[in-house]
Every structure is written in structure tokens, then in C-alpha cells.
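*Asks:*
2 protein chains.
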Amino acid sequence: MAQKPSIPKGTRDFSPTEVAKRNYIIQTIKKHFEVYGFQPIETPSFENSETLMGKYGDEGDRLIFKILNSGDFISKVDDVTYSSKNSASLTPKITEKALRYDLTVPFARYVVMHQNEIDFPFKRYQIQPVWRADRPQKGRFREFYQCDADVVGAKSLLQEVEFVQLYDAVFTALGLKGTTIKINNRKVLSGIAEVIGAKHLLIDFTVALDKLDKIGEEGVKKEMLAKGISESAIDKASPLFAMSGSSMEQLEQLKSLLVESEIGMAGVAELDEITRNVEALGLQSAQLQLDVTLARGLNYYTGAIFEVSAPEDVKMGSIGGGGRYDDLTGIFGLKDISGVGISFGLDRIYLVMEELNLFPSSVSKSVDVLCVNFGNQESMAALKLVNQMRAKGIKAEVYPTNTKMQKQMKYANSRNIPYVVLIGAQELEQEQFVVKDMAQGTQQTYSLGNSEEFTEHL
Amino acid sequence: MAQKPSIPKGTRDFSPTEVAKRNYIIQTIKKHFEVYGFQPIETPSFENSETLMGKYGDEGDRLIFKILNSGDFISKVDDVTYSSKNSASLTPKITEKALRYDLTVPFARYVVMHQNEIDFPFKRYQIQPVWRADRPQKGRFREFYQCDADVVGAKSLLQEVEFVQLYDAVFTALGLKGTTIKINNRKVLSGIAEVIGAKHLLIDFTVALDKLDKIGEEGVKKEMLAKGISESAIDKASPLFAMSGSSMEQLEQLKSLLVESEIGMAGVAELDEITRNVEALGLQSAQLQLDVTLARGLNYYTGAIFEVSAPEDVKMGSIGGGGRYDDLTGIFGLKDISGVGISFGLDRIYLVMEELNLFPSSVSKSVDVLCVNFGNQESMAALKLVNQMRAKGIKAEVYPTNTKMQKQMKYANSRNIPYVVLIGAQELEQEQFVVKDMAQGTQQTYSLGNSEEFTEHL
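Chains as they are written, first to last, in the numbering used here: chain D, 4 to 461; chain V, 4 to 461.
1. If you draw a straight line from the alpha carbon of D/Glu432 to that of D/Lys387, how long is it in whole angstroms?
2. Anyone know if the C-beta pair for V/Ser48 and D/Pro132 falls short of 8 Å?
3. Which residue's Cα is closest to the Cα of D/Asp207: D/Asn51, D/Ile184, D/Ala298 and D/Gln380?
4. Less than 6 Å between C-beta atoms, sequence neighbours within five positions excluded: which residues of the same chain meet that for D/Met319?
5. Bridge partners for D/Ser364 per DSSP, in chain order?
6. Could you pull out every residue in the same chain whose Cβ sits closer than 7 Å to the Cβ of V/Lys368, ignoring the five residues on either side in sequence?
7. So which of V/Lys69, V/Tyr85 and V/Pro124 has the shortest CA-CA distance to D/Leu376?
8. CB-CB under 8 Å to D/Glu400, same chain, minus the five flanking residues each way: which ones, in chain order?
9. Below 8 Å CB to CB, which residues in the same chain sit around V/Lys7 once its five sequence neighbours on both sides are set aside?
10. Within the chosen definition, does the stretch 256 to 274 of chain D reach the stretch 191 to 199 of chain D through at least 3 CB pairs nearer than 8 Å?
11. Within the chosen definition, does the stretch 206 to 220 of chain D reach the stretch 331 to 338 of chain D through at least 3 CB pairs nearer than 8 Å?
12. Could you tell me the distance, in whole angstroms, from the CA atom of V/Asp339 to the CA atom of V/Asp153?
13. Can you check DSSP and say which residues form a bridge with D/Tyr449?
14. Tell me, please, which residues DSSP counts as bridged to D/Ala101.
15. Just by C-beta distance, which residues in the stretch 373 to 386 of chain D are closer than 7 Å to chain V?
16. Could you tell me the boundaries of the alpha helix (DSSP H) in which D/Asp238 lies?
17. If I'm right that V/Lys33 touches V/Ile130 with Cβ under 8 Å, what's the distance once you round it to whole angstroms?
18. What do you get for D/Gln443, buried or exposed, if any count of 16 or more other CB atoms within 10 angstroms of its CB means buried?
19. Give me the DSSP bridge partner(s) of V/Gly488.
20. Check distances from the C-beta atoms of the stretch 194 to 209 of chain V to those of chain D and list, in chain order, the residues that come in under 7 Å.
21. With DSSP as the reference, label V/Arg1 as helix, strand or coil.
22. Should V/Gly344 be labelled buried (16 or more other beta-carbon atoms within 10 Å of its own) or exposed?
23. Going by Cα to Cα distance, which pick from D/Pro11, D/Lys398, D/Gln30 and D/Val198 is closest to V/Lys100?
24. Ignoring anything shorter than 4 residues or poking outside the stretch 146 to 221 of chain V, list the alpha helix (DSSP H) runs there in chain order.
25. Between which two residues does the beta strand (DSSP E) carrying V/Leu425 extend?
26. Mind pulling the alpha helix (DSSP H) runs of 4 or more residues that sit fully within the stretch 245 to 299 of chain D?
27. Please name the residue in V/Leu228, V/Tyr170, V/Lys439 and V/Arg127 whose C-alpha comes closest to that of V/Gln287.
28. For D/Gln256, return the contacting residues in chain V, with the cut-off set at a CB-CB distance below 7 Å.
29. Which residues of the stretch 435 to 457 of chain V have a Cβ closer than 9 Å to any Cβ of chain D? Give them in chain order.
30. Could you tell me the alpha carbon to alpha carbon distance between D/Ala307 and D/Arg327, rounded to whole angstroms?
31. Answer yes or no: do V/His35 and V/Ala176 have a C-beta to C-beta separation smaller than 8 Å?
32. Quick one: what does DSSP say V/Ala399 is sitting in, helix, strand or coil?
33. Against D/Asn390, what residues of chain V qualify as contacts under a CB-to-CB distance less than 8 Å, listed in chain order?
34. Report yes or no: is there a C-beta of chain D within less than 8 Å of the C-beta of V/Val22?
35. Which same chain residues, not among the five before or five after D/Lys202, have their C-beta less than 6 Å away from its C-beta?
36. Report back the beta-carbon spacing between V/Asn188 and D/Ile77 to the nearest angstrom; my notes put them in contact at under 8 Å.
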């Protein structure tokens, strides 16, 4: 009868300490989203399959979790399809709903469905789990949270400037100093492909360029050649490998490379404006750095591209990213709505903060005060005292059962409870309570009628 | 190409105002869970099917959403099963995971899996969505939140007393005064069935009794007869229909009815202790009321049973419920762990609060300050000002684009933004900003170098 319980591969239970730490990050992000004027929305965990399918490429379609129809689902499958015994043909006949794969497509669907209730420009944030049938591996899960903020319906570059500041504000508040916000622009990448005569190979070109960090200049050139980019085109692009200096200096180098490309120069102008404005306003702990090799989500972004790296001394991929996409809602019939957004990578931020020991110790504190349980009558007095504390927002509890003192003290210790209150028969008679300071090892007596004398120090 | 977007039946999008209101309730519940010493855990949205199946009865099994296996799932179905074309036999072959149906079974699974890391007694809370393939109808959804707090590993009735106080504290904090916390005890119901000689018909007896509110005394008696409960048994039970007075008075009446039943008298003693202790400690705005007809979750609870009714002037089912169950984790192999818990019905609490207009107006405020966008240079000055406000926790934004003043003011109006800041060319030159108080219609000028003069009033 009894099962040995387990959870599905790629999913996680979160213990109280883990929840508290995750919430600390989420609340910090949320607070900043809100002071920056973003408003929360929530969408259902599952969408109609047709809302999601075909939006993330073939690989995405494969990784979307489908929900089996309820009831006698198989009776609705026609005999021809059934007799083929083919998973791909059967799937659409026996599933109508699928789990959210990201927050962007549901957001686009939301904007289109609710366009008449929304005041544009619409600044929304959304912090919800998503699910992907990825092969589970270290740091990659089948259920994980995304934390997204987007503005739709506003083309000005003020948004890009604000998103850089928002990244800086959040990471500064988390104590995560020394992050690098890398910025690029899809138009610059298009311009480069244009001037080197590889416009039709833009994606191959940028995918290769994106690997400069990992495989070096020679590796990138080799891959480009293999993809059919000519040697002369690669030669023309070679200034890219030698780009150096500050963002503004690199922009000057780009200008001379891209002078013949209208779209390329438009990208440079955007980067120039964003960079100048961010510099004028200043950042607290992050730095903004132009990175012409940055190409994430190329099929998707049309303007700015962002990616945030953890401080240099931590080995970790990007901890955030985003960009501008000119026609997000077009897939659902609402044309010409420009969007720009960023995302925070909760799981990776968590790992970085653990590694750098950045969680304040108060985050994982369970309760402030535990009252020892000495029996019915005593515990009622304890409950009365505890309720006075709770009304002041102090986390307090009475040990649930009247067991050995030693066991109760052990519980207080292992839960890191800083104060233990004792109300035994004698204290009850004298209308007093004793407070044991677990860190100091000291204890002090207070009057039950005047508990503020103790609580005012908490 | 363009699809007309929709969401699945029984699911909901939540707008910024709705999210804010839901969060107001959730945060209030959460804060009280924490001051009462409960700690949060989170479990995955989907569990292995065998963890959930068979735990909620046949009806429950039917209502659990199953997730289709990924990849070429159908190739793993043997030919015999496949040729039967039977949904019930196919389901376990093509699904291994299922969406969380409630928070109790995953909690039991969690406790068993993590028993060596947990300090018992374990007071946990969990606020997460669950999914049920119920027929969608008014107030019933396929995705909804549960807000549960439970204590496992403690048999003392102190827990029951604390849960009554916790209900009272939460509903008082929400401004929801006049709730009734109904209490009963499974042992009392068993005792009644025993003394009237209908022990083997306990469930039929209690299901009928539970309907007293709806179908009246005659209706209940008729149903009992139909279920095979004898006329003399029903006669013996008739004092139940005439129970009146305070909880303590009703307990006296129960005592004389149940004097012959050991289990019945044990139930009365528990109710007596809980009621006396709650009375001694006092409640702020709720009342505790014995209700011997209360029988929810009978197959499940073994001691106290709770249910909370909204204030009398609101027509709404229960807004919370819970009870004690003696062997929750036994299904996963960990015996003799007593649990007791309560749940808050978020959706119903929301509806009641809307009906009684209890949400503070501050909850649905979007941002505090909007700066009008007069163009690049002005908006950079605005951004500088806005950043000073944000650092103080004030929600502030610059209108994203430089459009007509009228459109920007309309946006401020429709979003209920209380203050609009103007920094035009002239203000910029004089290093000033103008604040328009949208409610009063007044405006005032401040120095850009001394924004505290304005913000200190917010």
C-alpha cells in the first residue's frame, strides 16, 4: 500500500529556507518593478494549444507540455488517425491545452484579448512559473519561474534607458555588485551582415559571432567559412574581433565599419543615445557595456538586445536578458505594437547569491520567539502573551505539545529561534515570564502585564 | 495567420487591479501564517501520477489533469492495450505526471520525503494554485489558489485553539467582521451514529444531517429513512434537531445524548476544551459556534472539523474550512503522524470583499507620480527626478513617449494617478518642476534640487 514517494525529474520541492530566499529575490524584483511603474498581471498556467504551438519553433513545440483531454478522450479520435499509431498525429486529437512555456506569448495574447481595457503604453510585469520538457540537468529545470517586465505601445528609447537602470537598481538592492549589462542592437548585426555581403546568412553569421567568447577568433572564422560565408566577407568583418575600449569608443569603430549601411547606422544611433543617457543618469553598481557579439533571441528582437552577466568572479551564464521586438502581438492580429522588455533569471540569481553569501541572515529566520509548553494552564498564559506579540507583527509560537524541556530547547536551537520564553507554574503564579536569549545565553524576567518591556527591543 | 485569442474554459486572466486585490488578501493571510509561526514550503505543479491517483476517490481521479508524456509516447503502448481503444486503460500508458489537485496530498508526500530534514512538530503553510477538471461554473474554476496551514506531529488541542484565533485574526485584518467559525468533531458524529444504532450507516447519516440548513428537519428525516436508518434510530437522534443556545449549552445537551458512547464523549470533551480556551482568550470579530450538523470531509477528518461562514448579510458558501486527520502520511509509509490544518478560500473571500466594498482604495492605485514627457531633454530631467522618488520607494514613472499633453493627462486620469509632474522647457531652464494634484486640481512649483519638499508629503 505505502509508496516510496518521489517527485518528477526536473522539478523541485522548496523547503522553508529556500522559499524564504527565493521570495527575498522575488520581492526585491517586484518592488522595483512597481516603483518603476510596472503593473502585475497573471495568466492561466495552461493555454489553448493553438495559442502556444508554432510560436517557439519546432524545438519549442516539442518541449511544450500538453495536457491530456479529460473524460473519454480516445473516443473522439477518428479511426484513420488512430490506426496510424503516430504520436505526432494523435497529439492534437487528444490534447487541447498546454502548459505555459514562457511569459511573452501569453502576454501578447493578453494584450490582444484585453486591448480595450488597457491604457497604452502598457507597462506590465509578470512573475509566474513556466514549464518545459527539457532534459533535466544541473541548473536546468522542467518547472521554473520567469520574472518579466515589458512595455508595449511605446517606441521611444527612454524605455531602454529605464530598463538598464532597473537592472542596476535590482542587482544593487540584492547586494550583487559588479554585474555587467551587455547591450547590442539587432540593426547593427543586420548592418554588419549587409556591409560584408552576407545579408542572406545573417543568422549563421551572428550565431557564429556569438561564440567569440568560447571558441575565439579563429574558431568563429572557421565556423563562418563552414556556413558558406566567403573569406572576403569575413575579412571585412574582422574589425569586429578587434573592437576595444569603452562603449563610446567601440561605437566610433562601428560607425566607420557601418557607414554604408542605413540600418546599421540606425542601430549605432540608438546605441549611442541609450549609452549617453545611461551615462548621464549614472548607474549604482552595474556597468553598461556594448557587446557587438551579443545576438540572443535574434529571430525575435528587432532593436536593442540586453544580457546581464554575473560579477566576474562567479562562473555563471547570463542572469538576465531582454530586448525590443517590433511586432509581438501581430501573431494574434494586433499589428504595429512595439514592445520592449527584460527578464530576471531567478534560479541563477539564487545560485550566485548563495555562492557570494549575499542572503541576509534575517531571511532564513523562522520565528522570533518560542514559548516553551509546560502544560495546559501554562500554555494558555503563553498563548495570551504570544498573541500580544503577534499583534505587533512579531513571529511567535507556543511549542505545540507539552514534551520534555530538552526536546523543546533542541527544536528552538535547530530552528535558530533567537528568544525562548518560559512560563512555568512558578512564573504563572508570580505573573511573570522569563526570556532566554539563545545567542547570549542570558535570561531576564519580565511582568506578564507589561510585555512591551521585552517586545520593544525586538 | 492571425488567431482570435481565447483562454481555456474555467481559467482566468487577472488584470493589474485584480492581481493587486488578490495579493492584498494573500499577503494578509501570509503575514498571519508567519506571525503564528508557520513556515512556507512549495511543491511542484505536477507530481508523479501515482502520488495523486487513488487519493481523492474515483471522482477525484477523474478530475485530475494528466500530462501527456513527451516524445514518441505512443510507441510505448503495447498493442493489446492500444487495440482496446479504451481511454481508461490508455491513460496510465501515455501519462506519468498529473497536475496538483490540492495541497494536502503533496504536503503529505513532502513530509515523508523530507522527514529527516524536518523538525517536528512541523508548522507549514502553502499558497499555490491547484487544478481540477471540474465543469466550470459561476465561482468554480479549473485553476484556483489554495491557502493552507497545517501542523503535523502534534496531538494537543492547542493547535485547534490557535487555528480558531488565526481565522479570527485574518478576517479581522481584512475588515471582514461577523464571520462564524463553525466547529464540530468527527468523534461526536461517530458517537451519535453509535447511540442511535446506525454505526454502519455513519456516512449516510451525516450526509443527511449536513443538509439540515437546506432541506429542514423533515427533509433530513426522510432522507435518513430512505437510506435505511430506522425510525426508532431517527427518533433517538431527534434532540439534534432541537439543539439550541450557546456552544456550551449545546455541549451539555450533547453530553446527555452521548453518555453511553465512549467515542462520543471523547469528542464532547475535545469540543469543550477548545471552546473554553477560545472563550478565555477571546476573539476580535468572529464567533465560534458549535454545529453538530457540520460533517465536511468526513472520510478524512478524525477529530475537529471547521468551517467558516461569511457575515450573515452576504450569500456565499463557506470561505474556509479544515480539521484534524490522524494519519495523513500513512499513505506514503509514515505512520501515526497526526495533522490538523485549515484552508482559506481565496476566490470566495475576494467575492465577499468586493460585495462589502472592503478593499482599501490604496490597493488598486497604480503609481503615485507620473511625469509628463515633453521630449528627450526634458524627459531625462524627469527621469532623474523620478529616480530620486523611486529610491524612496515611491512608485513613479515618466510617460513613455512624447505625445500630446492631453493624451498623457488622460492616461494619468484613467489610471488614477494622484500626482502629475510637469518639467517643460521653461521649468528645465529654471531648474524647477510643477506638481499637479489631480484630486484637488491645484498645482505647485518646487525646485529640482530639493525634491524632498514635495516627496516628504507623499
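Don't be surprised by glycine CBs; every beta carbon is placed ideally from N, CA and C.
*Replies:* Judging by the given coordinates:
1. In this structure, the alpha-carbon of D/Glu432 lies about 15 Å from that of D/Lys387.
2. At the C-beta level, V/Ser48 and D/Pro132 come within 8 Å of one another.
3. D/Ala298
4. The beta carbon of D/Met319 sits closer than 6 Å to the beta carbons of Ala313, Arg351 and Val355 from its chain, once the five residues preceding and following it are set aside; these are given in chain order.
5. In DSSP, D/Ser364 forms no bridge with anything.
6. Asn419
7. In the sequence as presented, Leu is not what sits at residue 376 of chain D; that position holds Asn. Of the listed residues, the one whose Cα sits closest to D/Asn376 is V/Pro124.
8. Val370, Val372, Leu373, Cys374 and Val389
9. none
10. As far as the Cβ criterion goes, the stretch 256 to 274 of chain D touches the stretch 191 to 199 of chain D, which means the pair count is three or higher.
11. Segments in contact, no.
12. Approximately 16 Å, taken between the alpha carbons.
13. D/Phe436
14. D/Glu50 and D/Lys69
15. So the list reads Ser382, Met383 and Leu386, given in the order they occur along the chain.
16. Glu234 to Ala240
17. 6 Å
18. exposed
19. Here chain V covers residues 4 to 461 and nothing more, so residue 488 of chain V does not appear.
20. none
21. Because chain V here runs from 4 to 461, residue 1 of chain V falls outside it and cannot be looked at.
22. buried
23. D/Pro11
24. 161 to 176, 189 to 198 and 205 to 212
25. Tyr422 to Leu425
26. 250 to 261 and 265 to 284
27. If we check each option's Cα against that of V/Gln287, V/Tyr170 comes out closest.
28. In chain order: nothing, as chain V lies at least about 25 Å away.
29. none
30. 5 Å
31. yes
32. In the three-state reduction of the DSSP assignment, V/Ala399 falls in the strand class.
33. Gln168 and Leu284
34. yes
35. Ala196
36. 46 Å between Cβ atoms; not a contact.
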